[in-house]
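There are 2 protein chains.
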Amino acid sequence: MAAGRSRVVVVGGDAAGMAAASQALQQARQRQPRGRELEVVAFERGSATSYSACGIPYWVGGLVGSREGLIARSPEEHRRRGIDLRMGTEVVGVDLAARTVTWRRVGDQDDDGPREGSDGFDQLVIATGAVPRRPDAPGFDAGPEAGVHGVQTLDDGSALIADLESGRVRRVVVVGGGYIGLEVAEACVLRGLHVTVVQRGATPLGTVDDDMGALIAEAVRGEGVHLVTGEEVCGLELAPASEGGRVRAVHTAGGLELPCDLVVMGLGVAPSVALAREAGVPLGESGAIAVDVAQRTRAEGVWAAGDCTEVRHRVSGRGVHVPLGTHANKQGRVAGINLGGGYATFPGVVGTAITKVCRVEIGRTGLSTEEATDAGFQVVTVAVDSTTTAGYMPGAEPVRVKLVADERSGRLLGGQVVGRSGAGKRIDALAICVWNEMTVEEVLSLDLAYAPPFAPVWDPVLIAARKAAQAVESACRSDG
Amino acid sequence: MAAGRSRVVVVGGDAAGMAAASQALQQARQRQPRGRELEVVAFERGSATSYSACGIPYWVGGLVGSREGLIARSPEEHRRRGIDLRMGTEVVGVDLAARTVTWRRVGDQDDDGPREGSDGFDQLVIATGAVPRRPDAPGFDAGPEAGVHGVQTLDDGSALIADLESGRVRRVVVVGGGYIGLEVAEACVLRGLHVTVVQRGATPLGTVDDDMGALIAEAVRGEGVHLVTGEEVCGLELAPASEGGRVRAVHTAGGLELPCDLVVMGLGVAPSVALAREAGVPLGESGAIAVDVAQRTRAEGVWAAGDCTEVRHRVSGRGVHVPLGTHANKQGRVAGINLGGGYATFPGVVGTAITKVCRVEIGRTGLSTEEATDAGFQVVTVAVDSTTTAGYMPGAEPVRVKLVADERSGRLLGGQVVGRSGAGKRIDALAICVWNEMTVEEVLSLDLAYAPPFAPVWDPVLIAARKAAQAVESACRSDG
Chain B
1 MAAGRSRVVV
11 VGGDAAGMAA
21 ASQALQQARQ
31 RQPRGRELEV
41 VAFERGSATS
51 YSACGIPYWV
61 GGLVGSREGL
71 IARSPEEHRR
81 RGIDLRMGTE
91 VVGVDLAART
101 VTWRRVGDQD
111 DDGPREGSDG
121 FDQLVIATGA
131 VPRRPDAPGF
141 DAGPEAGVHG
151 VQTLDDGSAL
161 IADLESGRVR
171 RVVVVGGGYI
181 GLEVAEACVL
191 RGLHVTVVQR
201 GATPLGTVDD
211 DMGALIAEAV
221 RGEGVHLVTG
231 EEVCGLELAP
241 ASEGGRVRAV
251 HTAGGLELPC
261 DLVVMGLGVA
271 PSVALAREAG
281 VPLGESGAIA
291 VDVAQRTRAE
301 GVWAAGDCTE
311 VRHRVSGRGV
321 HVPLGTHANK
331 QGRVAGINLG
341 GGYATFPGVV
351 GTAITKVCRV
361 EIGRTGLSTE
371 EATDAGFQVV
381 TVAVDSTTTA
391 GYMPGAEPVR
401 VKLVADERSG
411 RLLGGQVVGR
421 SGAGKRIDAL
431 AICVWNEMTV
441 EEVLSLDLAY
451 APPFAPVWDP
461 VLIAARKAAQ
471 AVESACRSDG
Chain H
1 MAAGRSRVVV
11 VGGDAAGMAA
21 ASQALQQARQ
31 RQPRGRELEV
41 VAFERGSATS
51 YSACGIPYWV
61 GGLVGSREGL
71 IARSPEEHRR
81 RGIDLRMGTE
91 VVGVDLAART
101 VTWRRVGDQD
111 DDGPREGSDG
121 FDQLVIATGA
131 VPRRPDAPGF
141 DAGPEAGVHG
151 VQTLDDGSAL
161 IADLESGRVR
171 RVVVVGGGYI
181 GLEVAEACVL
191 RGLHVTVVQR
201 GATPLGTVDD
211 DMGALIAEAV
221 RGEGVHLVTG
231 EEVCGLELAP
241 ASEGGRVRAV
251 HTAGGLELPC
261 DLVVMGLGVA
271 PSVALAREAG
281 VPLGESGAIA
291 VDVAQRTRAE
301 GVWAAGDCTE
311 VRHRVSGRGV
321 HVPLGTHANK
331 QGRVAGINLG
341 GGYATFPGVV
351 GTAITKVCRV
361 EIGRTGLSTE
371 EATDAGFQVV
381 TVAVDSTTTA
391 GYMPGAEPVR
401 VKLVADERSG
411 RLLGGQVVGR
421 SGAGKRIDAL
431 AICVWNEMTV
441 EEVLSLDLAY
451 APPFAPVWDP
461 VLIAARKAAQ
471 AVESACRSDG
């Protein structure tokens, strides 16, 4: 390291890592000459930086034309901004006492550089992301060459598309009915394939209540997806190596055999914490890396951001793992600003999520009924059916809004919306109400935008709040 | 009045009045036998109750097929719920000391009942609504028979549509480029008419900043509307009575002559306060009826709700007149609950409004730059251009978000959005942030819903907040 310079090593070149890297440089430059000169080295195992993993299902489905469309900033752009970026290079060890990382090159390299080495750091950013969860059952450790795919990285997406376009795939089984699972299922339907989604829960998207999930199940089935609920997968059957070794069927504990030519892992992801754990960086209650509001880990001079970290849920107060690009970007920004000598915080999440499955939009925020009960709240719940515009307008679409409120205080704990075009993003209103710890009584008075093309005169969110306020009042009266 | 009974008289049978009437009855019934029995008499001058005045432009434009489509609840439905409803009957005087209203029947009546009379009350609800503002210039006092129309009531709408369909109208002049003015202009374009909008301000919708208004002007002109800005109307020219006496042209102070066959008043509305004022019910600083959070006026036993009342602006702290159906409904509900023995409040507004002009969606909330400056704030403003979905998705539409923040505290004072499909309702997020007095720094951390079909990974609202937070930080540094 040069004298007077401070070196930052970033492990992981997707949203969180590269946001941290660029913000750190930017902050440090703003603070020159008072600030210390910063050198930023970033390691990325794969072949792309700063891409939208959430966009992969839309690329698979053909809505997004190319892999490049999903890349927000290329390695070359990052290098032009002054980041020493090492692509195709995996960090395999961290020595916190010696302040070094050891790395090795992965895959084929077109240069004569060293295949492995080590670098020193003053400060370290861990942004190692997440890996797809796999069922703990025989066969599920197979890889893309056997037709078993994840959809976490651009390289995963490339492999999946190549396989889908090989001509040998007619039947797809998606394991898991979460956000990614449903999005990939729809993408495969768009490709004209026969698609089965198999999941353990009674309804898709375990993060919404079952009554709302039932609406989603109906929509998914309506688009031709074969949805198998309440079934745990127990094995993946591969053809013998002599016949190509590819997947033939998925078996369930309930005795179902789901024949297929390709399997997608849609069980969500687990934080990639092996490197951090081995280095002695403490993990949190969720199993992801514990960080404070500044994205500092509990190890001196080590920061972490993105899908490998734990976030604080502002309603339950718990440390949770919520792998989402939007959080990763914000956390990377916060880590970078603090690293570079500024100050910023990531004050936690309220568990907002949204997706579009076929023509149905689904949003959720805060705690579901089950989560709220688990967190010790005594709740009232209400659900209302309304429309996205004034009912008399030609474009009126149905929307159902469900609210979960604390029975004693009336505080809004969570909300869910399911409906057609124009329904989903209404969850933002509820997310901000939950964030601000508003009561349902306050929510019903909110000055939300009204005009016939945008809402009924009582916005669906307000109708739901009104009904929830009545339920809280009734509960209070009967308790009194 | 029957002994042991309390009589409520409601003046005005649209949203606010009928919401108050039904809530009062409902509350009183819930509280039986402890509560007093309530008798509710409601007077409505026109021929319809509880209708959507905001929907009239869409009826005029043919998007809503019938007048009935705009009626939420008919007189018969209200009567079935126990309200003694007197249609076609105008209250012409209130005697607060004697606790009586005097009324007369208006228009043709198909019964032999009395043409005028008086009724006693214990409590009074004033819900007299608003009347279109007219330019203080010769000729503008002409009525529908001369081709000069308002669009406040269903009866206005019927008259306007009959005139438009008479075959004698080719050229329409809309006076005023506010919400209603632009919506009616679009409706007339949909009918294939030549439409001119003439307005005093430099850009349409005076409640948004000029730079945002310029985008709206562009959209309006793009749809073929002839938009004349910066011109005050100074006269309305009528044909001689011998030639039908209809409007021929509108003249402006700048010397323009705008030939036309029909004129629509789109200058907004003034609160109908004559009855209240003459009765001695105090008005507020805005000229509308002053009420407290329970919708009580300053006169004993007199309540008011809807477009005739003043509301408190939660940011400026001022009493303002914001005639909107959504407020009218909420205020009527609050007045009714309180009248009926319950307790509810209307805690004010943040000035949220939304409209769709041609294919452009426009939302605003809080204070505009000018309003904030007038209210004594030292402001920073930022505007950002983004997209309604991830930029790489096929449905990505442009959206511009502008924020106004207090330079010293960073508090968000107002926001504006202009964009295509999916842009407008994003104003709700900003409205709730303004309501909760959040700083732009807090706003940028919000957990808003992200998935590629709904937002870029940094939602446009968050990008704007991030830029605003930088502007606040820069301002603080340069001050310090």
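Here the protein sequences come in this chain order: B and H. Take UniProt numbering: the final residue in the first sequence is number 480, and no numbers are missing along the way. Take UniProt numbering: the final residue in the second sequence is number 480, and no numbers are missing along the way. We put the beta carbon where it would ideally sit given N, CA and C, even for glycine.
Shorter than 8 Å from the beta carbon of M393/B to some beta carbon of chain H?
On the first sequence, position 393 is the one that residue 393/B refers to. Yes, because at least one Cβ of chain H sits closer than 8 Å to the Cβ of M393/B.
So, is the C-beta of L446/B closer than 8 Å to a C-beta in chain H?
Here residue 446/B is taken as the residue at index 446 of the first sequence, counted from 1. Chain H, which has a Cβ nearer than 8 Å to the Cβ of L446/B, makes this yes.
Please report the straight-line C-alpha distance between H194/H and T388/H, rounded to a whole angstrom.
Here residue 194/H is taken as the residue at index 194 of the second sequence, counted from 1. Here residue 388/H is taken as the residue at index 388 of the second sequence, counted from 1. Whole-angstrom Cα-Cα distance: 32 Å.
For a cutoff of 8 Å on Cβ pairs, would you count G325/B as touching chain H?
The count along the first sequence starts at 1 and reaches residue 325/B at position 325. It does: the Cβ of G325/B has a partner Cβ on chain H nearer than 8 Å.
Would you verify that the beta carbon of V458/B is, or is not, closer than 8 Å to some beta carbon of chain H?
Here residue 458/B is taken as the residue at index 458 of the first sequence, counted from 1. Here residue 458/B is Trp; the residue named in the question, Val, does not match the sequence. Yes, its Cβ sits closer than 8 Å to a Cβ of chain H.
Would you mind telling me which residues of chain H sit closer than 8 Å to I216/B, beta carbon to beta carbon, in chain order?
Here residue 216/B is taken as the residue at index 216 of the first sequence, counted from 1. Per Cβ cutoff of 8 Å: no residues; I216/B is ~14 Å from chain H at best.
How many whole angstroms separate the CB atoms of G55/H and Y392/B, which I take to be in contact at a CB cut-off of 8 Å?
Indexing the second sequence from 1 puts residue 55/H at position 55. Indexing the first sequence from 1 puts residue 392/B at position 392. So it is a contact: roughly 6 Å between Cβ atoms.
Taking the continuous beta strand (DSSP E) assigned at residue 512/H, which residues delimit it?
Nothing about residue 512/H can be reported from this structure: the residues present for chain H run from 1 to 480 only.
Assign A276/H to one of three DSSP states: helix, strand, or coil.
As a working mapping, residue 276/H is identified with position 276 in the second sequence. A276/H falls in the helix class under three-state DSSP.
What runs of the beta strand (DSSP E), each 3 residues or longer, lie entirely inside the segment 225-288 of chain H?
226-228, 233-238, 247-252, 257-259, 262-265 and 269-271
Who are the near neighbours of R168/H in its chain, counting only those whose CB is closer than 7 Å to its CB and skipping five residues on each side?
Against the second sequence, residue 168/H aligns to sequence position 168. Closer than 7 Å at Cβ, skipping near neighbours: D261.
To which residues of the same chain is R364/B closer than 6 Å at the C-beta, ignoring the five residues directly before and after it?
Stepping through the first sequence from its first residue, residue 364/B is reached at position 364. Only T207, V208, A353 and Q416 meet the Cβ criterion.
Taking only beta-carbon positions, decide if D428/H is within less than 8 Å of chain B.
The residue given as residue 428/H occupies position 428 in the second sequence. Closer than 8 Å to some Cβ of chain B, the Cβ of D428/H qualifies, so yes.
Find the nearest neighbour of E76/B within the set A97/B, S50/B and G65/B, judged by alpha-carbon distance.
As a working mapping, residue 76/B is identified with position 76 in the first sequence. Residue S50/B is the option with its Cα nearest to E76/B.
Strictly under 8 Å for the Cβ-Cβ distance: is A219/H near chain B by that measure?
Translated into the one-based positions of the second sequence, residue 219/H becomes position 219. With 8 Å as the cut-off, A219/H does not count as an interface residue toward chain B.
Buried or exposed for P240/B, please, with buried defined as at least 16 other CB atoms from any protein chain shown within 10 angstroms of its CB.
Here residue 240/B refers to the residue found at position 240 of the first sequence. Burial call: exposed.
Counting only C-beta atoms, is G13/B closer than 8 Å to chain H at any point?
Locating residue 13/B in the first sequence gives position 13, counting from the first residue. No - not a single Cβ of chain H is within 8 Å of the one on G13/B.
Output the distance between the C-alpha atoms of C308/B and I289/B, rounded to the nearest integer angstrom.
In the first sequence, counting from the first residue as 1, residue 308/B sits at position 308. In the first sequence, counting from the first residue as 1, residue 289/B sits at position 289. Approximately 6 Å, taken between the alpha carbons.
With a cut-off of 8 Å, does the C-beta of L70/H fall near any C-beta of chain B?
Against the second sequence, residue 70/H aligns to sequence position 70. Output row for L70/H: interface = yes.
Starting from W435/B and walking both ways along the beta strand (DSSP E), at which residues does that stretch end?
As a first step, residue 435/B is located in the first sequence; it is residue number 435 there, counting from the start. Per DSSP, W435/B belongs to no beta strand (DSSP E); it is in the alpha helix (DSSP H), I427 to W435.
If I'm right that V322/H touches G351/H with Cβ under 8 Å, what's the distance once you round it to whole angstroms?
The sequence position of residue 322/H within the second sequence is 322, counting from 1. The sequence position of residue 351/H within the second sequence is 351, counting from 1. Yes, they are in contact, since the Cβ atoms of V322/H and G351/H sit about 7 Å apart, within 8 Å.
Expressed to the nearest angstrom, what Euclidean distance is found between the alpha-carbon atoms of P144/B and V418/B?
Position 144 of the first sequence, counting from 1, holds the residue named residue 144/B. Position 418 of the first sequence, counting from 1, holds the residue named residue 418/B. Rounded to the nearest angstrom, the two C-alpha atoms are 34 Å apart.
Do we get a CB-CB distance below 8 Å when we pair Y450/B with the residues of chain H?
For this step, residue 450/B is matched to residue 450 along the first sequence. For Y450/B, the answer is yes, since a Cβ of chain H falls inside 8 Å of its Cβ.
Mind checking whether the beta-carbon of G287/B lies closer than 7 Å to any heavy atom of the ligand ZN?
You won't find the ligand ZN in this model; it holds no ligand whatsoever.
Classify L63/B as helix, strand or coil using the three-state DSSP reduction.
Sequence index remark: in the first sequence, residue 63/B carries index 63 (1-based). Coil at L63/B, not helix or strand.
Nearest-angstrom Cα distance between A20/H and A274/H?
Taking the second sequence and counting its residues from 1, the one referred to as residue 20/H is at position 20. Taking the second sequence and counting its residues from 1, the one referred to as residue 274/H is at position 274. Their Cα atoms are separated by approximately 21 Å.
Report yes or no: is there a C-beta of chain B within less than 8 Å of the C-beta of W303/H?
Residue 303/H sits at position 303 when you count from the first residue of the second sequence. By this cut-off, W303/H is not an interface position.
Taking all protein chains shown into account, do 16 or more other C-beta atoms lie within 10 angstroms of the C-beta of Y179/B, making it buried, or fewer, making it exposed?
Translated into positions along the first sequence, residue 179/B becomes position 179. Using a 10 angstroms sphere on the CB of Y179/B, the tally of other CB atoms reaches 16 or more, which defines it as buried.
Considering just the uninterrupted stretch of the alpha helix (DSSP H) at A390/B, what are its terminal residues?
The sequence position of residue 390/B within the first sequence is 390, counting from 1. Neither: A390/B is in no alpha helix (DSSP H) and is coded neither H nor E.
Residues in the segment 51-65 of chain B with C-beta within 8 Å of chain H's C-beta atoms, listed in sequence order?
S52, C54, G55, Y58, L63 and V64
Rounded to whole angstroms, what is the Cα-Cα separation between R99/H and V8/H?
Looking up residue 99/H in the second sequence gives position 99. Looking up residue 8/H in the second sequence gives position 8. Taking the straight line joining both Cα atoms gives about 11 Å.
Taking 7 Å as the limit between beta carbons, can you name the residues of its chain near D210/H, skipping five residues before and five after?
As a first step, residue 210/H must be located in the second sequence, where it is residue number 210. Contacts found: A202 and T203.
Are the CB atoms of V404/B and S445/B within a distance shorter than 8 Å?
Translated into positions along the first sequence, residue 445/B becomes position 445. Translated into positions along the first sequence, residue 404/B becomes position 404. The answer is no: Cβ separation not under 8 Å.
Which one of G192/H, A270/H, Q23/H and A294/H has the shortest CA to CA distance from R134/H?
Within the second sequence, numbered from 1, the residue matching residue 134/H stands at position 134. R134/H has its Cα closest to that of A270/H, out of G192/H, A270/H, Q23/H and A294/H.
For the segment 247-267 of chain B against the segment 149-168 of chain B, do three or more pairs of beta-carbon atoms, one drawn from each stretch, fall closer than 8 Å, so that the two count as touching?
Yes: at least three Cβ pairs fall under 8 Å.
Exposed or buried, which one is V476/B when buried takes at least 16 other CB atoms within 10 Å?
On the first sequence, residue 476/B is found 476 positions in, with the first residue counted as 1. The sequence given here has Cys at residue 476/B, not Val. Classification for C476/B: exposed.
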